[in-house]
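The opening position of the sequence shown corresponds to residue 17 in the working numbering, with each subsequent residue numbered one higher.
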Amino acid sequence: MTAPRSVPGFSLGHWTHPSGRTGCTVILAERPALAACDVRGGAPGTRETELMRPGSLVRHVDAVLLTGGSAFGLAAAEGVVRWLHEHGRGFPTEVTPVPIVAAAVLYDLTGPEVFFADASAGYAACAAAIPEGWYSGRLGAGAGATVGKLLGRANASPTGLGSALLRVGAHVIGALAAVNAIGEIVDPATGVTRAGIRSQDGTWLESRRLILSGQSPASRLGTNTTLVVVATDHPIDHDALFRMTVAAHDAIARTIRPAHTIYDGDTVFVLASAETNKLDPAEVLRICTATEIVVEQAILASIPQ
Numbered sequence: 017m018t019a020p021r022s023v024p025g026f027s028l029g030h031w032t033h034p035s036g037r038t039g040c041t042v043i044l045a046e047r048p049a050l051a052a053c054d055v056r057g058g059a060p061g062t063r064e065t066e067l068m069r070p071g072s073l074v075r076h077v078d079a080v081l082l083t084g085g086s087a088f089g090l091a092a093a094e095g096v097v098r099w100l101h102e103h104g105r106g107f108p109t110e111v112t113p114v115p116i117v118a119a120a121v122l123y124d125l126t127g128p129e130v131f132f133a134d135a136s137a138g139y140a141a142c143a144a145a146i147p148e149g150w151y152s153g154r155l156g157a158g159a160g161a162t163v164g165k166l167l168g169r170a171n172a173s174p175t176g177l178g179s180a181l182l183r184v185g186a187h188v189i190g191a192l193a194a195v196n197a198i199g200e201i202v203d204p205a206t207g208v209t210r211a212g213i214r215s216q217d218g219t220w221l222e223s224r225r226l227i228l229s230g231q232s233p234a235s236r237l238g239t240n241t242t243l244v245v246v247a248t249d250h251p252i253d254h255d256a257l258f259r260m261t262v263a264a265h266d267a268i269a270r271t272i273r274p275a276h277t278i279y280d281g282d283t284v285f286v287l288a289s290a291e292t293n294k295l296d297p298a299e300v301l302r303i304c305t306a307t308e309i310v311v312e313q314a315i316l317a318s319i320p321q
């Protein structure tokens, strides 16, 4: 069986600023996708995440946007809304469908000139979206990402956007990760650091050891984060979808050290293009295990080759 190249029901589009220092990535659902969100970092920048809480009226989204530019980059969501509106998409109301677009940002601002994704960038990402858009590299929301910023950007490593796809029976689970963490990326299978803080002699330094020794972060609060989107065509219920967010955060914690810090805005979205009333617990376990694996793979794929 060939490796999957897409997740049925979803398209991905990317926009990268000409400077190569920032960008945005959009995940478009062909029809409203059942959605869940779990924020565990102490410094998030988000939009429309409250509607994904249990008990909310609207539990589906038309798109999720990941973007650089910190709070400035949230403007790109307006372009996604405009594109969806032009295509007749959105939550039905008596006046007009209202597009539901969730978003999360990472901080990739560098001086002296500040670049960020705006509404035109979000619109362009939508226009470029294709089912096979699960790319990895220094593009889209990961264009300006770095990791290992405990001692400042001068000692950090470039990262980017990582993606991975995994077939589970007749269905596919895909993960997209924009990795801009204060900590380092560690291969969970070997414990070997793959990207992080470089010392003067080129060896890797361990963030947790430095923190315990009393090292104060040179990185400011709120200037780091890991953003993950998981999408599947597996029929699922909302409770199982939430369990998938937990599994995705478990993968973040195994692959990024430290994770979920007060300096990071770690956020996970999970989307499903098909729904069912209640999954068997054994199937939930299988899907969540696959989620852990594919998120780990996506985070590792964010490291430039």
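Ideal Cβ placement from N, Cα and C applies to all residues, glycine included.
DSSP lists Arg273 as the beta-bridge partner residues of Glu200. The Cβ-Cβ distance between Phe26 and Leu243 does not fall below 9 angstroms. Residue state for Ser179 is assigned as strand, using DSSP reduced to three classes. Bounds of the beta strand (DSSP E) holding Pro48 are 39-55. Ala159 sits in coil when the DSSP states are folded into three classes, being neither helix nor strand. Annotation for Glu46: Gly25, Phe26, Ser27, Ser289 place their beta carbon closer than 8 angstroms to its own, counting only its chain and skipping 5 residues before and after. A direct Cα-to-Cα measurement between Ala263 and Gly127 gives close to 37 angstroms. With contacts defined as CB atoms closer than 9 angstroms, Ala52 and Ala180 fail to qualify as a contacting pair. Excluding its 5 nearest sequence neighbours in each direction, Ala191 has C-beta neighbours in its own chain below 6 angstroms: Ala180, Val246, Val310, Val311, Ala314, listed in chain order. Within a 10 Å sphere around the beta-carbon of Ile278 sit fewer than 16 other beta-carbons, which makes this residue exposed. A straight-line Cα-Cα distance of about 23 angstroms links His250 and Leu82. In this structure, DSSP gives Glu291 an extended state, which the three-state scheme calls strand. A straight-line Cα-Cα distance of about 33 angstroms links Ala157 and Ser229. In this structure, Val121 and Gly95 do not form a Cβ contact; the two beta carbons are roughly 14 angstroms apart against a cut-off of 8 angstroms.
Here DSSP, grouped into helix, strand and coil, assigns Ala298 to helix.
Closest option to Ala194, judged by alpha-carbon separation, among Arg56, Pro60, Pro34, Gly84: Gly84. Uninterrupted beta strand (DSSP E) stretches at least 3 residues long and entirely within the region 84-124 occur at 117-121, given in chain order.
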